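Under my numbering, the first residue of the sequence shown carries the number -7, and numbering increases by one thereafter. Glycine included, each C-beta is placed from N, C-alpha and C at the ideal position. As the structure is a prediction and not an experimental result, all values here were calculated from the model. Let me begin by presenting the structure, written as structure tokens, before commenting on it.
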Amino acid sequence: MRTALLFVSLLLAAAVLADEHNDEMSIVETDLFARDTYRIESFVCPFKSRIDYEPGEIECGLLQVPENREKPDSRFIDLHFIKLNSTWDDEEAEEEDANDDSGLAPGRRDDPVIYLTGGPGAGAETYVNRFKDHRLRKHRDLYILEQRGILNSGDFCPKYYARKPEIHNVDTLEASANASRIAAENCMRDAISAGVDITGYNSIENARDVKALRMALGFEDWNVWGISYGSILGQAYLKEDPDGIRAAVIDAIVPLDTRGDPTSWRVVNWYNRVLEKLDELCQADDDCGDAYPNLGERVRDAARAATENPVSVDVKDTELYPSGEAHFLSDVAAFLPFILFYEQENYPALPAIIHAWADAVEQRDETLFKAMASGTGGDFFSGSQGMYDAIMCNDGMREAAIASYALDHEEFPVLTDALIAKGADEALAKSCVDVGVVPRPQSDYMPVQTDIPTLLVEGDMDPITPPPLAHVIAPGFSNMTYVEFPYAGHGPTRSVECAGDMLNLFYDDPTAEPDLSCVDEMTVPDLYGSFYVSSAVPKFVVLATEDKEKVPGVAIWASLSILPVSIGFIVLTFAPLVRRFEKRQAVPANGARIAAWAATLFGVLALCILGGAAAATIEIWELILLFGFVPWAVYGAWSGVLAGLLGVVAIVLAIRARLQVGLPGSTLTGFVVTGMAAVSLSAFLVVWGLGP
């Protein structure tokens, strides 16, 4: 896992030259696009076998663009883009409109939306999968451009972390930082040797690609929607193509001019901010506050524990871990909760997870860390790390990170030291220059000044691009509405269900007062006062990866427990009806029958409750399964124990009935087998971490 997240501010002051630079750009703009062919080719969607969609619902294409428009001899590259067609269906409209309280007029709109992806370097497939059901698509087509240098748009460093795994298999933060620097340098040097012009991979050229796509598709103008790095790209695009934009929504904001404001990428500062906010919410809830106090301090406890003594576990996968050990350093220990803050669906469980995670780090929970090691692959980023590195160098963010680190370290030394090794940011900035990728002039990134109708959107609990950053860029937007979603994480316009309607209403009439009723739907998260902590999933993951030969035995144990209990429940539940229909009496069993039925009932309840709890947890996020399940899973655990106890009772009563009233052998066998299966199921659940 890599936590190279710190960016921000260089030293050049070009504010005086900004107006002159903008005038020059308007003069040479035609020349910049003189070599653009605007050639589009159809393309079989690369995710066709992984995402379920109907023919015509999603389409893919390739756009040819110059690699560097500022160089007349630059080669051409193909960029992958996707069109998610509007889901509006005239035949279904009448029925849908009867239940539609969004305030939107019926019909499919002609003005599409271009979505600007994040990262930088994030692949488009993740967004296609997420936006398939986004309510924006009910009325508008949605285009997604896979930016240059990313996956199907010319990834120039494929299998980034899969190369030379030995340099990443290290046990100190300093060595890890050095490995990241080496990987970035190797990537750029190899790409340059292969003929890639790395200097063309920057936010300004990215913005020009968006304009080229609009022109190639034949749209006079369209709507813009950008989140996270897409907010940086959105600001650059507003400057590059102002006449081609009807309206813009900029969400999870980072200023374009990060070099002008070293607070922009103070990741530790923003992380501490949301930890304090979550702690306030938890302390305001009696159950949560009693169970999970001092959330920020527990995170720092985990950071200290891993800083003093990183967690190392033996693993069999020497292909990924050449030393035979997987190491979990202080950056992972301190910043795993940071990742969970991105999605507000995680918030109910987050106080419990923070405590469980800190306990695991302090106690060096070998099963959990082995499971985490087993769950990683050769690549750690569902996109293109090479493009990320290029943006960081070309946009000057490597140098900007130095100022941010200094500010964070002064105020939050524990978390800052856990995130990045001393001097690592300076080394990364120097490596950009060493390989010949010098930052573009700061004048290219001066703040936006625009009157285009814009929504500036933030989630109040965003851990990396919080509300204060929106206020940094707000003065440049003269026709802007600020929208803040309470209790929301990173990019609420993509994750809050009603946000699609809000965007459609805004795009329908950008000059009108925006309808922000969606914001009022946000409620205080219902934080768990308890959490069902379980090692079940880590145990199964380790078994499946480290001890595959034992899997059949475990499967047989589970089957021989679950099947008889399930069959016994069905038989014993419906047997009275059958006897009544056949008009015969039950054989006296001195309570064994009732005990056996109760054992199967609680056994089936245990399976249903635990299965439902697993599904509910997955619905929040699969990662949470590493720590446990939603709180009500505990009822399944207790049901499993009761099933075992009642199974013992059923066996004892059945044997007693045999001795006292001559219970037939076949009936005795049935009750005993059913009781033993219930006992076996109970033991299975307890052994595999699913006991109370």
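Query - Whole-Å CB distance - V305 paired with K362, under 8 Å assumed - result: 5 Å
Requested in this report: Report all residues from its chain with a CB closer than 6 Å to the CB of T473; omit the five preceding and five following residues, and keep chain order.
Outcome: L447 and P506, listed in sequence order.
Requested in this report: Check D189 in the structure and name its three-state DSSP category.
Outcome: When secondary structure is reduced to three states using DSSP, D189 falls in the coil class, being assigned neither helix nor strand.
Requested in this report: Compute the distance between the beta-carbons of D293 and A350, then report whether it is under 8 Å.
Outcome: Here D293 is near A350, since their CB atoms are less than 8 Å apart.
Report task. Decide if the segment 113 to 132 is in contact with the segment 493 to 506; the criterion is three or more beta carbon pairs, one per stretch, under 8 Å apart. Result -> yes
Query raised in the report: Which whole runs of the beta strand (DSSP E) in the segment 383 to 451 are 3 residues long or more, in chain order?
Result: 446 to 451
Query raised in the report: Considering only residues of the same chain and omitting the five flanking positions on each side of G316, which have a CB-CB separation below 7 Å?
Result: Within the same chain, G316 has close Cβ partners D306, V307 and T310.
Query raised in the report: Shortest alpha-carbon distance to E403 belongs to which of R265, E358, C510 and E391?
Result: R265
Query raised in the report: Going by beta carbon distance, what residues of the same chain come within less than 7 Å of R356, once the five residues before and after it are set aside?
Result: V303
Query - Beta-ladder partner(s) of W217, from DSSP - result: Paired residue(s): Y107 and V241.
Query - Within 8 Å, strictly: CB atoms of F73 and L273 - result: no
Query - Same chain only: Cβ atoms within 6 Å of V353, ignoring 5 sequence neighbours per side - result: A294, A297, A298 and A325
Report task. Tell me whether the beta-carbon of Y380 lies closer than 8 Å to the beta-carbon of P343. Result -> no
Query - Given A416 as reference, the closest of Q56, D436, L24 and R173 once Cα atoms are compared - result: R173
Query raised in the report: What alpha helix (DSSP H) runs, 4 residues minimum, are completely inside the segment 482 to 524?
Result: 484 to 487, 491 to 500 and 509 to 512
Report task. Tell me M472's beta-bridge partners as DSSP assigns them. Result -> T446
Query raised in the report: Which residue's Cα is closest to the Cα of V36: G48, T29 and D28?
Result: Comparing Cα-Cα distances from V36 to each of G48, T29 and D28, the minimum goes to G48.
Query - Assigned secondary structure, Y380 (DSSP; H/G/I helix, E/B strand, else coil) - result: Helix.
Requested in this report: Would you decide whether A392 is buried or exposed? Buried here means 16 or more other CB atoms lie within 10 Å of its CB.
Outcome: The Cβ neighbour count for A392, taken over all protein chains shown within 10 Å, is at least 16; the residue is labelled buried.
**Report entry** Cβ neighbours of E117 in the same chain (closer than 6 Å, five flanking residues each side left out)
**Finding:** Closer than 6 Å at the Cβ level, and outside the excluded window around E117, lie F39.
Query raised in the report: Does the count of Cβ pairs from the segment 157 to 173 and the segment 411 to 426 closer than 8 Å reach three?
Result: yes
Report task. Give the straight-line distance between the Cα atoms of N301 and S223, rounded to the nearest whole angstrom. Result -> 38 Å
Query raised in the report: Do I69 and G146 have their C-beta atoms within less than 8 Å of each other?
Result: yes
Report task. Compare the beta carbon distance of R432 and D500 with 8 Å and say whether it is the shorter of the two. Result -> no
Query raised in the report: In chain order, what residues of the same chain have a beta carbon less than 7 Å from the beta carbon of L593, not counting five sequence neighbours either side?
Result: F561
**Report entry** C-alpha distance - K231 paired with I50, whole-angstrom precision
**Finding:** 30 Å
Query raised in the report: Measuring CB to CB, does T485 end up less than 8 Å from D243?
Result: Contact: yes.
Report task. Scan the segment 117 to 189 and note each continuous beta strand (DSSP E) run of 3 residues or more that stays entirely inside, going in chain order. Result -> Listed in chain order, the complete beta strand (DSSP E) runs (minimum 3 residues) inside the segment 117 to 189 are 134 to 137.
Query raised in the report: Using DSSP with H/G/I as helix, E/B as strand and the rest coil, what is A97?
Result: coil
Query raised in the report: Once you ignore the five residues that flank C424 on each side, which residues in its own chain have a CB closer than 6 Å to its CB?
Result: C385 and R390
Requested in this report: Out of N121, V120 and N77, state which residue places its alpha-carbon closest to the alpha-carbon of D103.
Outcome: For the residues N121, V120 and N77, the minimum Cα distance to D103 belongs to N77.
Requested in this report: Report the option in N338, G192, H160 and D189 whose CA atom is closest to the CA atom of I686.
Outcome: Given a span of -7 to 684 for the chain in the structure shown, any question on residue 686 remains unanswerable.
Query raised in the report: Between the segment 620 to 631 and the segment 595 to 611, do three or more beta carbon pairs fall short of 8 Å?
Result: Yes, since at least three Cβ pairs between the segment 620 to 631 and the segment 595 to 611 fall closer than 8 Å, the two stretches touch.
Query raised in the report: Under the rule that 16 or more other beta-carbon atoms within 10 Å means buried, what is G628, buried or exposed?
Result: buried
Query raised in the report: Is it the case that the Cβ atoms of S376 and G141 are separated by a distance below 8 Å?
Result: yes
Query raised in the report: Between which two residues does the beta strand (DSSP E) carrying I43 extend?
Result: Run containing I43: none; DSSP gives neither H nor E here.
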